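Asks:
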Amino acid sequence: MLALLASGSSRSSSNNKLAESENAAQNSNNMSWGTELWDQSEYLAIHTNRGIDALDKYANFLRDRVAIETEYAGKLRRLVKNYQPKKKEEEDNEFTSVQAFRNLLKEVGDLAGQREVVSESLQVAVIAGVTLLSKTLREERKKCLSDGANLQQNLTSQLSSLDRAKRNYEKAYRDSEKAVDSYKRADMDLNLSRAEVERYKNVMTSKIQQSDDAKNEYANQLQKTNNLQQQHFNMLLPAVLNRLQELDEKRTRGFREFIVGAADVESSVAPIIARCMEGIVKAGESINEKEDTFKVIERYQSGFTPPRDIPFEDLSKCDPDSVQDSHYSSSTNHLTIKGTMSANKLRKRVGIFNIFGSNKQRQIIEACITMKNSLTADGQKEDFSDLPPNQRRKKLQGKIAELSQNIAQETKARDGLMKMKIVYEANSSLGNPMTVEGQLNESEHKLEKLKVDLKKYQDYLEKASQVPVAASSPQASRNQLQNGHRTSRHSNGSADDHHDDGDDQPDDAGSLSSSSASPESGLGTSHTSLPGSGQGSANENAIGDETYYETEVETLNPLGTCRALYPFEASSEGSIPMSEGEELQVIEIDQGDGWTRVRRANNSNGWDEGFVPTSYIECTLYA
C-alpha cells in the first residue's frame, strides 16, 4: 500500500512538473518584448549587444582551441618522428617490444591526424558560422535600433508640436480673458466715449477669435499626438522590439547549434580515436617476453658448447719444453673459444713464432690481408665465415632469399622488356625495337650476375652446413676429448692419438692451425684460407721445418631419435628426403628456422645427413 501511494505521489509530481513546463512554454510563446517590455528599449539594446559579444567570445574561444589542437597535433607528429627507429636499429624490429613500440607510434600518428581533423572541422564548420552569424546579428541590431530611434524622434517631435500648441492656446485664452474684462470695465465707465467702448469691443472679439483658433490647433495637435502615440506604442515600437527579440533568439539558437556542432565534431572522431586506443592496447598485449627471449637466443647463439674441463698437468711426467708448449696451446685455445682472436692478432702471433722467413709464410700473410679486404660494408666477410656457425647459416639463408627475390623481380622485368620488343617488332609504329635492346642486354647481364651470386652463396651455405665445427670451438674441444684421449690428423693424412696423461704436447704449428680454423679468427679452415694449399697435401701445408696440422672432428653424437609424420621430398640443398614412419637420428635440433638436422644409416657410404622440416617429424630426445 505504501509503495502504491509513493508511486502515485511520484507520478502526480512528475505530471505537475510537466504541466508547469508546458504552461511556461505556452506563456513564453504568448509573451513578447513588444508588449511586455515596451518601455525598456534602452535595456533591450544593452542586452542584445551583450549577447552578440558573448557569441564573439565563443568564437574567440573556438579559435584558441583550434590553435591548441593544431599545435598539439603538430607536436604529436614531431614526437612520432623523433622516436621513429633509426636505420641502425632496424635489426631490433624482430623483437615484440620493438614492434609494439612501432605500432604505438603509428597509432599516436593517427591520433595526431584526428586532432587535425577536429581542428579543421571546427575552423570550417563552426568558427566560420559563428563569425557570419555575429556579423549578421550586428547589422540587424543596428538597423532595429536605427528604426526605433526614428520612431522615438517622430513621437518626440509630435509631442513638441502639441506642447507648442498648448502654450499658444493658453496664451490666447489669457489674452481673451483680459480683453473681455477690459471691455466690461469700459462699457460700465460712463466717462468713456462710445467710440472708445467700441474699440474695446473689437479687441475683445479679436482676442476671443484668436483663443478659439489656438484652442482648435491645440485640439488638433492633441488628436494627432494621441494617434501617433497609440500607433507608436501599440504597433511601431513593438514591431521593432519584436525584431530585436527574434534577433536575440536567433543568436541564442545559433549558440546552441554551434556548441552541439562542436561536440559533434569531437564525437565524429571519437570512434577512430577509440580504435587507436584499442590499437595501442593491442600493441601492448602483443609483447611476449618469452618470444623476445627466444629471439635473443636465436640472434646471438653461436652453436658452440661450453669449454671442457682443463686437464691437470703433472709437471713431474713431462719435460720443461713440453710443459711450455702445452701451456701455450691451452692459452691459444682459450683465446679462440672466447672469440677474441681477430686476423690482426693472428698475424701478431705468427710474428711471435718467427715465421716470416719463407715464401709460404708470406703467402699466409697475404691471404690474411686479402681476406680482410674482402669485408662487406657492415664489416663482415662475404661468406660470413667470421660468424658462429648458426649465425652464419642464418645470414647465408637470408642472403639467398634476398638474391632469389631480386632474381624474380629482374626476371619479370626482362620478360616485360622481351614482350615489349616483340610488340615493337610486330608493329614498328609503336616504337623502335633497338631502343629496348640495350635495356634487355643490361637486364640479362644483371640477371646473370644475380644468378652467379646466388650460386656462390648456395655453395657457401652448403659448405657451412657440411664443414665440421672447428677444433678451437668448445664443441670441437669436447668432441676431441672423448674416452680420455685427443685425436688429431697430420697434413699427410696420418692420425695420432694423444692421451691426456701428461703426454699431450701439440707443437706451435698445430696450435696455429687450430686457431686459423676457428670461426672467430675470420680465416676459415686452413686448406681453404691459404692460397695454393691443397686438401691433404703434406708438402703444401708445411711451415718451415714444422708439421702443419688440420683438425679432424668426429661424427656428431645423436641427440635423440625422430619419426617422420609425413613424407618429405628434398627440393633444396642441404635437405634429405624421408618417407612416412621412417626412424632417423637427431643430430642438431631446430635453431628457430624450422629445420632439424637428422641422420640415417646408408649401406653405400655409411651415413646420410641433412635437414628436414621440424613440423614433419616427432622427436624424442635423450635425457
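Counting from 0, one number per residue, gives the positions in the sequence shown under numbering that gives the first Met the number 0. Ideal Cβ placement from N, Cα and C applies to all residues, glycine included. Keep in mind that this is a model prediction, so the values were computed, not measured.
#1: Please determine, among Leu189, Ala185, Asn215, Lys214, the residue with the shortest C-alpha to C-alpha distance to Met203.
#2: Ignore the nearest five residues each way along the sequence and tell me which others in Lys393's own chain have a CB closer than 7 Å to its CB.
#3: Using 8 Å as the threshold, is the C-beta distance between Met417 and Leu439 below it?
#4: If I measure Cβ to Cβ from Glu581 and keep anything under 6 Å in the same chain, skipping five residues before and after, which residues do I get?
#5: Return the chain-ordered list of same chain residues with a C-beta closer than 7 Å to the C-beta of Leu161, the five sequence neighbours on each side being excluded.
#6: What is the DSSP secondary structure of Asn478, reduced to helix, strand or coil?
#7: Can you check the segment 374 to 449 for any beta strand (DSSP E) of at least 3 residues that lies completely inside it and give the ranges in chain order?
#8: With Leu154 as the anchor, note down where its alpha helix (DSSP H) starts and where it stops.
#9: On the three-state DSSP scale, how would you describe Asn225?
#10: Here's the rule I'm using: 16 or more other beta-carbon atoms within 10 Å means buried, otherwise exposed. How should Tyr621 be labelled?
#11: Out of curiosity, what's the CA-to-CA distance linking Asp589 and Val268?
#12: Buried or exposed, going by whether 16 or more other CB atoms sit within 10 Å of the CB of Thr292?
#13: Whose C-alpha, out of Ser571, Phe610, Ser301, is nearest the C-alpha of Ile586?
#14: Return the chain-ordered list of same chain residues with a C-beta closer than 7 Å to the C-beta of Arg242, the five sequence neighbours on each side being excluded.
#15: Report the partner residues of Asp607 according to the DSSP bridge assignment.
#16: Cβ of Ser156 within 7 Å of any heavy atom in the ligand FMN?
#17: Excluding the five sequence neighbours on either side, which residues of its own chain have a C-beta within less than 8 Å of the C-beta of Leu460, listed in chain order?
#18: Name the one or two DSSP bridge partners that Ile616 has.
#19: Please state the DSSP three-state secondary structure of Asn220.
#20: What is the DSSP secondary structure of Glu115, counted as helix, strand or coil?
#21: Going by CA-CA distance only, name the one from Ala148, Gln122, Ala53 that's closest to Thr69.
#22: How is Ile272 classed by DSSP in three states: helix, strand or coil?
#23: Can you give me the Cβ contacts of Glu115 inside the same chain, cut-off strictly under 6 Å, excluding the 5 residues immediately before and after it?
#24: Going by DSSP in three states, Met577 sits in which element: helix, strand or coil?
#25: Among Trp606, Leu583, Asp52, whose alpha-carbon lies nearest the alpha-carbon of Asp247?
#26: Could you compute how far the alpha carbon of Tyr168 sits from the alpha carbon of Ala178?
#27: With 16 as the cutoff for other CB atoms within 10 Å, does Ala171 come out buried or exposed?
#28: Quick check on the DSSP output: the alpha helix (DSSP H) that includes Leu75 runs from which residue to which?
#29: Within this structure, are the beta carbons of Gln244 and Trp37 separated by less than 8 Å?
#30: Starting from Ile296, trace the beta strand (DSSP E) in both directions and tell me its first and last residue.
#31: Would you list the residues sitting across from Gln584 in a DSSP beta bridge?
#32: Going by C-alpha distance, which of Gln113, Asp308, Glu138, Pro305 is nearest Ala273?
#33: Can you name the start and end residues of the alpha helix (DSSP H) that Glu35 belongs to?
#34: Might you give, ordered along the chain, the residues of its own chain that have their beta carbon closer than 7 Å to the beta carbon of Leu104, omitting 5 neighbours on each side?
#35: When we look at the beta-carbon of Glu519 and count the other beta-carbons within 10 Å, is it buried (16 or more) or exposed?
#36: How close, in whole Å, do the beta carbons of Glu35 and Ile279 come, if the pair is a contact with beta carbons under 8 Å?
Replies: In brief:
#1: Position 204 of the sequence shown, counted from the first residue, corresponds to residue 203. Across the set Leu189, Ala185, Asn215, Lys214, the C-alpha of Ala185 shows the shortest separation from the C-alpha of Met203.
#2: Against the sequence shown, residue 393 aligns to sequence position 394. So the qualifying residues of the chain are Asp592.
#3: Within the sequence shown, numbered from 1, the residue matching residue 417 stands at position 418. Within the sequence shown, numbered from 1, the residue matching residue 439 stands at position 440. In this structure, Leu439 lies closer than 8 Å to Met417 by Cβ.
#4: Counting from one through the sequence shown, the residue named residue 581 turns up at place 582. In the same chain as Glu581, and ignoring 5 residues on each side of it, the C-beta atoms closer than 6 Å to its own belong to Ala563, in chain order.
#5: Taking the sequence shown and counting its residues from 1, one reaches residue 161 at position 162. Cβ neighbours of Leu161 beyond the five flanking positions: Gln220, Leu221, Thr224.
#6: Within the sequence shown, the letter at position 479 stands for residue 478. With a pLDDT of 40 at Asn478, under the threshold of 50, the modelled position of that residue is not reliable, and the figure given next carries that caveat. DSSP places Asn478 within a helical segment (H, G or I) once states are collapsed to three.
#7: Counting only runs of 3 or more, we get nothing.
#8: In the sequence shown, residue 154 corresponds to position 155, counting from 1. 127 to 187 is the span of the alpha helix (DSSP H), which, as asked, contains Leu154.
#9: Position 226 of the sequence shown, counted from the start, is the residue given in the question as residue 225. The answer is helix: DSSP assigns Asn225 an H, G or I state.
#10: Here residue 621 corresponds to residue number 622 of the sequence shown, with the count starting at 1. Tyr621 is classed as exposed because its beta carbon has fewer than 16 other beta carbons within 10 Å across all chains shown.
#11: Taking the sequence shown and counting its residues from 1, the one referred to as residue 589 is at position 590. Taking the sequence shown and counting its residues from 1, the one referred to as residue 268 is at position 269. So the two alpha carbons sit approximately 48 Å from each other.
#12: Taking the sequence shown and counting its residues from 1, one reaches residue 292 at position 293. Of the other Cβ atoms in all chains shown, fewer than 16 fall within 10 Å of the Cβ of Thr292; this residue is therefore exposed.
#13: Here residue 586 is taken as the residue at index 587 of the sequence shown, counted from 1. Among Ser571, Phe610, Ser301, the Cα nearest to that of Ile586 is on Phe610.
#14: As a first step, residue 242 must be located in the sequence shown, where it is residue number 243. Around Arg242, the same chain offers Cys143 as residues with beta carbons nearer than 7 Å, after the five sequence neighbours per side are excluded.
#15: By one-based count along the sequence shown, residue 607 stands at place 608. When DSSP reads this structure, Asp607 sits in a beta bridge with Arg599.
#16: Questions concerning the ligand FMN fall outside what the structure shown contains, since it holds no ligand whatsoever.
#17: Numbered from its first residue, the sequence shown carries residue 460 at position 461. Counting only Cβ-Cβ distances below 8 Å, and skipping sequence neighbours, we find Arg392, Leu395, Gln396, Ile399, Glu572, Gly573.
#18: As a working note, residue 616 is residue 617 in the sequence shown. Answer by DSSP bridge pairing, in chain order: Ala563.
#19: Start at 1 with the first residue of the sequence shown, and residue 220 comes out as number 221. In the sequence as presented, Asn is not what sits at residue 220; that position holds Gln. Helix at Gln220.
#20: What you label residue 115 is simply residue 116 of the sequence shown in a count that begins at 1. Reduced to three states, the DSSP call for Glu115 is helix.
#21: To locate residue 69, count along the sequence shown from 1; it is residue 70. Taking the Cα of Thr69 as reference, the smallest distance to any Cα among Ala148, Gln122, Ala53 is reached at Gln122.
#22: For this step, residue 272 is matched to residue 273 along the sequence shown. In the structure shown, Ile272 sits in a helix (DSSP, three-state: H, G or I).
#23: Numbered from 1 along the sequence shown, position 116 holds the residue referred to as residue 115. For Glu115, where only same-chain residues beyond five positions count, the Cβ hits under 6 Å are Ala72.
#24: Walking along the sequence shown from the start, residue 577 turns up at place 578. Strand, per DSSP.
#25: Translated into positions along the sequence shown, residue 247 becomes position 248. For the set Trp606, Leu583, Asp52, the Cα lying nearest the Cα of Asp247 is the one of Asp52.
#26: In the sequence shown, the residue the question calls residue 168 occupies position 169. In the sequence shown, the residue the question calls residue 178 occupies position 179. Straight-line Cα distance between these residues: approximately 15 Å.
#27: Within the sequence shown, residue 171 is the residue found at index 172, counting from 1. Buried, by the Cβ-count rule.
#28: Residue mapping note: residue 75 aligns to position 76 of the sequence shown, counting from 1. Following the DSSP letters along the chain, one finds Leu75 inside the alpha helix (DSSP H) bounded by residues 40 to 81.
#29: Mapped onto the sequence shown, residue 244 falls at position 245. Mapped onto the sequence shown, residue 37 falls at position 38. Their beta carbons are not under 8 Å apart, which means Gln244 does not touch Trp37 by this criterion.
#30: Here residue 296 corresponds to residue number 297 of the sequence shown, with the count starting at 1. From DSSP, Ile296 is part of no beta strand (DSSP E) but of the alpha helix (DSSP H) over 288 to 299.
#31: Taking the first residue of the sequence shown as position 1, residue 584 is located at position 585. Its beta-bridge partners are Thr560, Arg598.
#32: Along the sequence shown, read from residue 1 onward, the residue named residue 273 stands at position 274. Restricting attention to Gln113, Asp308, Glu138, Pro305, the CA atom closest to the CA of Ala273 is found in Gln113.
#33: Working through the sequence shown from its first residue, we reach residue 35 at position 36. Glu35: member of the alpha helix (DSSP H) spanning 32 to 35, first to last residue.
#34: Position 105 of the sequence shown, counting from 1, holds the residue named residue 104. Within the same chain, Leu104 has close Cβ partners Val79, Tyr82, Gln83.
#35: On the sequence shown, position 520 is the one that residue 519 refers to. Unreliable positioning characterises Glu519 in this predicted model, as indicated by a pLDDT of 34, which lies under 50. The coordinate reading is nonetheless provided below. It counts as buried.
#36: Working through the sequence shown from its first residue, we reach residue 35 at position 36. Working through the sequence shown from its first residue, we reach residue 279 at position 280. The Cβ separation is near 58 Å, so there is no contact.
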